[in-house]
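J.: Residue numbers (the numbering used here), protein chains in the order written: chain V, 1 to 270; chain Y, 1001 to 1270; chain R, 2001 to 2270; chain X, 3001 to 3270.
Positions of the beta carbon are idealized from the N, C-alpha and C atoms, including for glycine.
All values derive from a computational prediction rather than experimental measurement.
Please read through the structure below; I'll follow up with questions.
Number of protein chains: 4
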Amino acid sequence: MALRDTSLRERVHEIVFEADTAAGKAFDVGLLVLIALSVLVICLESVADYRADHGAALYVLEWVFTGLFTLEYLVRLWCVRRPLAYATSFFGVLDLVAVLPAYLMLVIVDAHHLGTVRVLRLVRVFRVLKLVRYLGEARALHAALRASAPKIVVFLLAISCLVVVVGSVMYVVEGRESGFDSIPRSIYWAIVTLTTVGYGDISPSSGLGQGLAALVMLMGYGIIAVPTGIVSAELVRGQRESTSTQSCPGCAAEGHVDDAVFCYRCGERL
Amino acid sequence: MALRDTSLRERVHEIVFEADTAAGKAFDVGLLVLIALSVLVICLESVADYRADHGAALYVLEWVFTGLFTLEYLVRLWCVRRPLAYATSFFGVLDLVAVLPAYLMLVIVDAHHLGTVRVLRLVRVFRVLKLVRYLGEARALHAALRASAPKIVVFLLAISCLVVVVGSVMYVVEGRESGFDSIPRSIYWAIVTLTTVGYGDISPSSGLGQGLAALVMLMGYGIIAVPTGIVSAELVRGQRESTSTQSCPGCAAEGHVDDAVFCYRCGERL
Amino acid sequence: MALRDTSLRERVHEIVFEADTAAGKAFDVGLLVLIALSVLVICLESVADYRADHGAALYVLEWVFTGLFTLEYLVRLWCVRRPLAYATSFFGVLDLVAVLPAYLMLVIVDAHHLGTVRVLRLVRVFRVLKLVRYLGEARALHAALRASAPKIVVFLLAISCLVVVVGSVMYVVEGRESGFDSIPRSIYWAIVTLTTVGYGDISPSSGLGQGLAALVMLMGYGIIAVPTGIVSAELVRGQRESTSTQSCPGCAAEGHVDDAVFCYRCGERL
Amino acid sequence: MALRDTSLRERVHEIVFEADTAAGKAFDVGLLVLIALSVLVICLESVADYRADHGAALYVLEWVFTGLFTLEYLVRLWCVRRPLAYATSFFGVLDLVAVLPAYLMLVIVDAHHLGTVRVLRLVRVFRVLKLVRYLGEARALHAALRASAPKIVVFLLAISCLVVVVGSVMYVVEGRESGFDSIPRSIYWAIVTLTTVGYGDISPSSGLGQGLAALVMLMGYGIIAVPTGIVSAELVRGQRESTSTQSCPGCAAEGHVDDAVFCYRCGERL
């Protein structure tokens, strides 16, 4: 019986944690739908009109979802080989966070915002994205983004410095009455402007301020080119390299040119 | 006479449905102009001042267009080989939708918005775009867009998840008084911000909210690079493939100019 | 004396119309500065405060510029070989437009807006851009833009259709009270949104309207990639082709590959 | 003792001005943290609430930072070989500007905005970016930006002309009541619109004005492609050049992988 139990656990583990069997894929798709519906319910619950009209139905639905996610969490705990390692892993904690707020809201009375934490369930979608990872599209995109990341971080650091200096200058130039009432708020304005969002909740009113703002905008217009250029270049490189999936029979080197006949590392015929 | 009738139907079919003869092209261009004018009339009709001043003229014009489109619809039904298949096809339904609202407005009294449905006539423009499809420009663009579509869909899915999480966080951080009065509305704000539209109808007022918003904007600034990079890379690939398909029989060199007759490396005839 | 006069006219023509001699370049740079200053004066004149304080000085400066431009126009008319052809050419008319409004303002009393026409003097800057045209930078940019133009036109046509349909739908969905009071105005909103400008003077207030607007924004976010991709791809192609400046000694063919040894057209050794 | 003193100065110079030793790197990182903290204090000081609550603590912290930066400035002056050359260099002046305002604020009573000048300390971060310059990421980015700079300048000049003409036209078309009350302000609006920032503090209200604005937006939408394309193309070129500089001595093939030892085509040792 211990053997049968183990094999059952292994089979359940296969379904719940992996996505290579048909049952595993079906489980993942079901989970995806469940997460989406659950998030939809949370969203609708936050709308005053819906809560007034269909509050009871939403409440019941919410508990159905919480029940199902609790069951899923317990099953995961049961079938995984090292439950503690799972429970303290990133996705383990997330799985707990997906159900805990609902129970806490029973105990704590005034927990208005606690319920919103449940929306973090959506992050669990990325667990299911194991499925997507196998698609070539997402892989190419992921590779290009990973390659561009360090350049984009360097770029965002430079932008941050620019934004602090611009914000401080505008704080001095524009008075309190235009909304530039502190340096942090001026920095917020600088970000809103440089990224071309432009809410208009804070906007310069003096001639000098508008002139400086115009300069910042033109700068932002030229600067937006940089991250785009980085990702474009990476994707172009990715395409060029994507056909060289061969590995050398002699030294196992990869990354050969498209029409290579000999290994670039050991000179072996491919 | 049956024969003559058939050949007439065939000739009309050639003109109305195809675009390879001169008459067919003229018909398509005429239809294009008619659609554009008809949409213009609908637009002007919606402006209160124009309707007050030139209401009668617009009414007459509208019926002229409806009459012509009705005639066109009947001609199409008559000359097509399988009228039912046409009537239930996408463009068949669209052709009917282009004329039906005008007649329905005679019967139903209070049909203010029904008239606007007629603007869908514009979609019929794409029927005429058979013409454009033959232009190399549009073809290259179309190929690149088709190749980028799956990557962009994956990207928009990721954006959707991000937007729901960001919207929920802002719903918690910002109060009801800043306009973040429900999660769906906060998600709307997140989309407005991330796409750098930035209306300013809803904007964070607290320090923490503004800080988070600034982070979202910088993120959006980095993220906008992705779809652009995808399309750029596809177009670059398209160019590369449109020039270098031949390889030299003498030295196997590739990358010849489009209309090359001799190999650029060894001078061999291609 | 006729000979001397002719040679003077020729020399003046060389200075005024060409930019290959030192004097010609100096003339062009001087004209550039004059145009810039003149436009600056027009701008300052439109500011109520400046007009009140320095109205007289600006008035004098304006007449100095008008005098100089009139002189220039007369010199151009005198030294050009076919004065009528010049006077009716694009730049000839522009040169006249640069001075005429000032004189007309003497005759016509209430010519508030006539003065602003003088700002068209700025377009004359492009006459001087003959200078810039010789810079490699501008040439590469110009070539890429010319190559991308047809694709971008096709793209803008598609956008126009999209914008009319979206505007009409929003006109129906949103009421008069949100600012969507006619289809043209709704189309204006659709353009403001799709291009991510987002003034916020018109913005949807109903839930359905905000949902549709969010869709339009995400679409615009994906769509903005297209013109960028087009120009990027053209510039990448421009670089790849830019090194092949060789022309075949046998058949004068151009556009050879970078490391070509033989002509692709006639097989001649380069 | 003179010798010992000299060697101490040389060692201090090594630490303070260079970044190749471990001590030099540690000094730079420490300085970076100090600058960041100091700027944070200046930002917090500008927020009315913080100044009211923690004014004394911020004041003390500010003087600690000023003291440390003064010490650093004196050490730099002492250990550098030519103190005058350093004191009049760009970074020398900046180092002085970083400490001077604090002392001036002791003397001058009403120096509200003088304190904000201290935020220029942030520019000193770029001195420490010697560190970053050694990273391959930043170098590739820097090279691409330097190569794109002239093209982007030409582009921004063209945009400036466009913006002045568009602003003047809108000044004529739109009245004073929509906010277009002078040409400079209309130019400011044109920049806000063309760069897709779109505050909404000034926006057209007449039909004609909105139509023109829509045209400008569509133009801006197409134009934003240009700088992006420029940077993308430069980065793609950078990649291409960083991999293919070698050519095979046996068969003259190019396009080898970066660390290739053997030719991919003929197997010859490179």
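For chain V, find out if any of its Cβ atoms is closer than 8 Å to the Cβ of Val3164 of chain X; answer yes or no.
T.: Walking along the fourth sequence from the start, residue 3164 of chain X turns up at place 164. No, because no Cβ of chain V sits closer than 8 Å to the Cβ of Val3164 of chain X.
J.: So, is the C-beta of Ser3206 of chain X closer than 8 Å to a C-beta in chain R?
T.: Here residue 3206 of chain X corresponds to residue number 206 of the fourth sequence, with the count starting at 1. Chain R, which has no Cβ nearer than 8 Å to the Cβ of Ser3206 of chain X, makes this no.
J.: Over what stretch of residues does the alpha helix (DSSP H) that includes Phe90 of chain V continue unbroken?
T.: Locating residue 90 of chain V in the first sequence gives position 90, counting from the first residue. Segment Phe90 to Val97, the alpha helix (DSSP H) holding Phe90 of chain V.
J.: What's the call for Asp2095 of chain R, buried or exposed, on a 16-neighbour Cβ count within 10 Å?
T.: Taking the third sequence and counting its residues from 1, one reaches residue 2095 of chain R at position 95. Buried, since its Cβ has 16 or more Cβ neighbours within 10 Å.
J.: So, at 6 Å on beta carbons, what are the nonlocal neighbours of Ile2202 of chain R in its own chain, with the 5 sequence-adjacent residues on each side left out?
T.: The sequence position of residue 2202 of chain R within the third sequence is 202, counting from 1. So the list reads Gly2179 and Trp2189, once near-sequence residues are dropped.
J.: Should Pro2227 of chain R go down as buried or exposed, given a rule of 16 or more other Cβ atoms within 10 Å for buried?
T.: Numbered from its first residue, the third sequence carries residue 2227 of chain R at position 227. So Pro2227 of chain R ends up on the buried side.
J.: Would the beta-carbon of Val125 of chain V fall within 8 Å of that of Leu32 of chain V?
T.: Against the first sequence, residue 125 of chain V aligns to sequence position 125. Against the first sequence, residue 32 of chain V aligns to sequence position 32. Cβ atoms of Val125 of chain V and Leu32 of chain V: closer than 8 Å.
J.: Report buried or exposed for Arg185 of chain V, applying the criterion of at least 16 other Cβ atoms within 10 angstroms of its Cβ.
T.: Locating residue 185 of chain V in the first sequence gives position 185, counting from the first residue. Buried, since its Cβ has 16 or more Cβ neighbours within 10 Å.
J.: Contact criterion: CB-CB distance below 8 Å. Does Thr1996 of chain R meet it with respect to chain X?
T.: What is shown of chain R runs 2001 to 2270, which leaves residue 1996 of chain R out entirely.
J.: Below 8 Å between beta carbons: does that hold for Phe1065 of chain Y and Ser1046 of chain Y?
T.: Against the second sequence, residue 1065 of chain Y aligns to sequence position 65. Against the second sequence, residue 1046 of chain Y aligns to sequence position 46. Taking 8 Å as the Cβ cut-off, Phe1065 of chain Y and Ser1046 of chain Y do not qualify as a contacting pair.
J.: Is it true that the CB of Leu156 of chain V sits closer than 8 Å to the CB of Gly1211 of chain Y?
T.: Taking the second sequence and counting its residues from 1, one reaches residue 1211 of chain Y at position 211. Taking the first sequence and counting its residues from 1, one reaches residue 156 of chain V at position 156. Cβ distance not < 8 Å, so Gly1211 of chain Y and Leu156 of chain V don't count as in contact.
J.: Assign Glu1174 of chain Y to one of two classes, buried (16 or more other C-beta atoms within 10 Å of its C-beta) or exposed (fewer than that).
T.: Here residue 1174 of chain Y refers to the residue found at position 174 when the second sequence is read from its first residue. Classification for Glu1174 of chain Y: buried.
J.: Report the residue from R:Thr2193, R:Ile2152, R:Thr2195 and R:Val2165 whose alpha carbon sits nearest the alpha carbon of Ser2232 of chain R.
T.: Along the third sequence, read from residue 1 onward, the residue named residue 2232 of chain R stands at position 232. The shortest Cα separation from Ser2232 of chain R among R:Thr2193, R:Ile2152, R:Thr2195 and R:Val2165 belongs to R:Ile2152.
J.: With a cut-off of 8 Å, does the C-beta of Gly3200 of chain X fall near any C-beta of chain R?
T.: Your numbering for residue 3200 of chain X matches position 200 in the fourth sequence. Gly3200 of chain X counts as touching chain R.
J.: Mind checking which residues open and close the alpha helix (DSSP H) that includes Thr2070 of chain R?
T.: Taking the third sequence and counting its residues from 1, the one referred to as residue 2070 of chain R is at position 70. Counting along the chain, the alpha helix (DSSP H) containing Thr2070 of chain R begins and ends at Ala2048 to Cys2079.
J.: Would you say Phe2091 of chain R faces chain Y, with C-beta separation under 8 Å as the test?
T.: As a position in the third sequence, residue 2091 of chain R is number 91, starting the count at 1. So, not an interface residue.
J.: Would you decide whether Thr1195 of chain Y is buried or exposed? Buried here means 16 or more other CB atoms lie within 10 Å of its CB.
T.: Residue 1195 of chain Y sits at position 195 when you count from the first residue of the second sequence. Label assigned to Thr1195 of chain Y: buried.
J.: So which residues on chain X does Tyr2188 of chain R lean against when the C-beta distance must stay under 7 Å?
T.: Working through the third sequence from its first residue, we reach residue 2188 of chain R at position 188. Within 7 Å Cβ-Cβ: Gln3210 and Ala3214.
J.: Can you tell me whether Val2101 of chain R is buried or exposed? The criterion is at least 16 other CB atoms within 10 Å of its CB, across all chains shown.
T.: Residue numbering aside, residue 2101 of chain R sits at position 101 when the third sequence is read from its first letter. The question names Val, yet the displayed sequence has Pro at residue 2101 of chain R. The residue is buried, with at least 16 neighbouring Cβ atoms inside 10 Å.
J.: Taking a Cβ distance cut-off of 9 Å, strictly less, list which residues of the segment 2227-2238 of chain R are near chain V, in chain order.
T.: Under the 9 Å Cβ criterion, the segment 2227-2238 of chain R contributes Thr2228, Gly2229, Ser2232 and Val2236.
J.: Whole angstroms is fine: what's the gap from Val3192 of chain X's alpha carbon to Gly1198 of chain Y's?
T.: On the fourth sequence, position 192 is the one that residue 3192 of chain X refers to. On the second sequence, position 198 is the one that residue 1198 of chain Y refers to. The alpha-carbon atoms of Val3192 of chain X and Gly1198 of chain Y are separated by roughly 12 Å.
J.: Out of V:Gly30, V:Thr88, V:Asp49 and V:Ser89, point me to the one whose CA is closest to Phe69 of chain V's CA.
T.: The count along the first sequence starts at 1 and reaches residue 69 of chain V at position 69. The option with the nearest alpha carbon to Phe69 of chain V is V:Gly30.
J.: Express the C-alpha separation of Ile1224 of chain Y and Ala225 of chain V in angstroms, rounding to a whole number.
T.: Against the first sequence, residue 225 of chain V aligns to sequence position 225. Against the second sequence, residue 1224 of chain Y aligns to sequence position 224. Cα-Cα distance, rounded: 10 Å.
J.: Below 7 Å CB to CB, which residues in the same chain sit around Leu3044 of chain X once its five sequence neighbours on both sides are set aside?
T.: Sequence index remark: in the fourth sequence, residue 3044 of chain X carries index 44 (1-based). Within the same chain, Leu3044 of chain X has close Cβ partners Tyr3050 and Leu3058.
J.: Quick one: Cα of Gly2209 of chain R to Cα of Met2170 of chain R, how far?
T.: Sequence index remark: in the third sequence, residue 2209 of chain R carries index 209 (1-based). Sequence index remark: in the third sequence, residue 2170 of chain R carries index 170 (1-based). Looking at the two C-alpha atoms, the distance is approximately 7 Å.
J.: Leaving out five residues before and five after Glu3234 of chain X in sequence, what residues of the same chain have Cβ atoms less than 6 Å from its Cβ?
T.: As a first step, residue 3234 of chain X must be located in the fourth sequence, where it is residue number 234. Closer than 6 Å at Cβ, skipping near neighbours: Ala3144, Ala3147 and Ser3148.
J.: My assumption, with CB atoms under 8 Å, is that Val1016 of chain Y sits in contact with Cys1079 of chain Y. Please give the rounded CB distance.
T.: Locating residue 1016 of chain Y in the second sequence gives position 16, counting from the first residue. Locating residue 1079 of chain Y in the second sequence gives position 79, counting from the first residue. About 6 Å separates the two Cβ atoms, so the contact holds.
J.: Short check: CB of Ala87 of chain V to CB of Leu77 of chain V, under 8 Å?
T.: Taking the first sequence and counting its residues from 1, one reaches residue 87 of chain V at position 87. Taking the first sequence and counting its residues from 1, one reaches residue 77 of chain V at position 77. Against a cut-off of 8 Å, the Cβ pair of Leu77 of chain V and Ala87 of chain V comes out as a contact.
J.: Between the beta-carbon of Val3012 of chain X and the beta-carbon of Val3060 of chain X, is there less than 8 Å?
T.: Within the fourth sequence, residue 3012 of chain X is the residue found at index 12, counting from 1. Within the fourth sequence, residue 3060 of chain X is the residue found at index 60, counting from 1. Not closer than 8 Å, so no.
J.: Report the CB separation of Leu122 of chain V from Cys1161 of chain Y in whole angstroms; it is logged as a contact under 8 Å.
T.: Numbered from its first residue, the first sequence carries residue 122 of chain V at position 122. Numbered from its first residue, the second sequence carries residue 1161 of chain Y at position 161. Indeed, because the Cβ distance is near 6 Å, the residues count as touching under 8 Å.
J.: Rounded to whole angstroms, how far is the Cβ of Gly3200 of chain X from the Cβ of Gly167 of chain V, which I believe are closer than 8 Å?
T.: The residue you call residue 3200 of chain X lines up with position 200 of the fourth sequence. The residue you call residue 167 of chain V lines up with position 167 of the first sequence. Actually they are not in contact, since the Cβ atoms of Gly3200 of chain X and Gly167 of chain V sit about 21 Å apart, beyond 8 Å.
J.: Where Gly3229 of chain X and Leu141 of chain V are concerned, what is the direct C-alpha to C-alpha distance, given to the nearest angstrom?
T.: One-based indexing of the fourth sequence puts residue 3229 of chain X at position 229. One-based indexing of the first sequence puts residue 141 of chain V at position 141. Straight-line Cα distance between these residues: approximately 20 Å.
J.: Can you look up Glu2177 of chain R in the DSSP assignment and give me helix, strand or coil?
T.: Counting from 1 along the third sequence, the entry for residue 2177 of chain R is found at position 177. Three-state result, Glu2177 of chain R: helix.
J.: What is the DSSP secondary structure of Thr1193 of chain Y, reduced to helix, strand or coil?
T.: Taking the second sequence and counting its residues from 1, one reaches residue 1193 of chain Y at position 193. Thr1193 of chain Y falls in the helix class under three-state DSSP.
J.: For Ile3183 of chain X, which three-state DSSP category applies?
T.: Taking the fourth sequence and counting its residues from 1, the one referred to as residue 3183 of chain X is at position 183. Note: Ile3183 of chain X maps to helix in three-state DSSP.
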